[in-house]
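In what follows, a single structure is set out as structure tokens and then discussed.
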Amino acid sequence: MAFVRWRGGCSQLIATIYEDGRSRQITLANLPDFYVSESTKHHVAQKFPKISVDWAAVDRKLARGPSGLLKESTPLKHLDYAVVEHHLRQWANEAEMAKRGNDATSLRLAADALTRWRAEFYWSNQLGFINTPQV
Numbered sequence: 001m002a003f004v005r006w007r008g009g010c011s012q013l014i015a016t017i018y019e020d021g022r023s024r025q026i027t028l029a030n031l032p033d034f035y036v037s038e039s040t041k042h043h044v045a046q047k048f049p050k051i052s053v054d055w056a057a058v059d060r061k062l063a064r065g066p067s068g069l070l071k072e073s074t075p076l077k078h079l080d081y082a083v084v085e086h087h088l089r090q091w092a093n094e095a096e097m098a099k100r101g102n103d104a105t106s107l108r109l110a111a112d113a114l115t116r117w118r119a120e121f122y123w124s125n126q127l128g129f130i131n132t133p134q135v
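So for the sequence shown, the numbering used here puts the first residue at 1; every next one is plus one.
Following this line, the structure appears as structure tokens:
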């Protein structure tokens, strides 16, 4: 099973694997944004087919942000946003497969708006951060 590890303000998707009676952690992907792109999901699935990833849980962990680095804790509504974002992106992929490109674009734009709101909270509450990057 994969999990998210925070390193400062950046996150990584990590998994623990067992070989010859020993365990070690491997990095499945770096997660520079506040959500996981479809290309990252496909990359992880192709490169690590035996590792199970709960993408909804990953989205929730990214929404929660790194512990101890924010001036105030992440609002619960941001965790709700993460669930909605996750489903919007899933529906966008389904719309894309059904050849409904306009619907897919609209769903992705809605998910991106929620991501942007969460990102703005994160950057404005991060300890010691001066300039807010554009997301």
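Don't be surprised by glycine CBs; every beta carbon is placed ideally from N, CA and C. Since the structure is predicted, the reported quantities are computational estimates derived from the model, not experimental observations.
Whole-angstrom distance between residue j and residue i, CA atom to CA atom
i: Lys61; j: His86; result: 12 Å
i: Arg7; j: Ser124; result: 18 Å
i: Ala110; j: Leu31; result: 20 Å
i: Asp103; j: Glu19; result: 45 Å
Beta bridge counterpart(s) of residue i as assigned by DSSP
i: Thr27; result: Ile14
Extent of the continuous beta strand (DSSP E) run through residue i
i: Phe121; result: Note, Phe121: premise wrong, no beta strand (DSSP E); alpha helix (DSSP H) at Gly101 to Asn125.
i: Phe3; result: Ala2 to Arg7
Delimiting residues of the alpha helix (DSSP H) encompassing residue i
i: Val44; result: Glu38 to Lys47
i: Val83; result: Leu76 to Met97
Backbone secondary structure at residue i - three-state DSSP
i: Val58; result: helix
Cβ neighbour criterion (16 or more within 10 Å) applied to residue i
i: Ser11; result: buried
i: Thr115; result: buried
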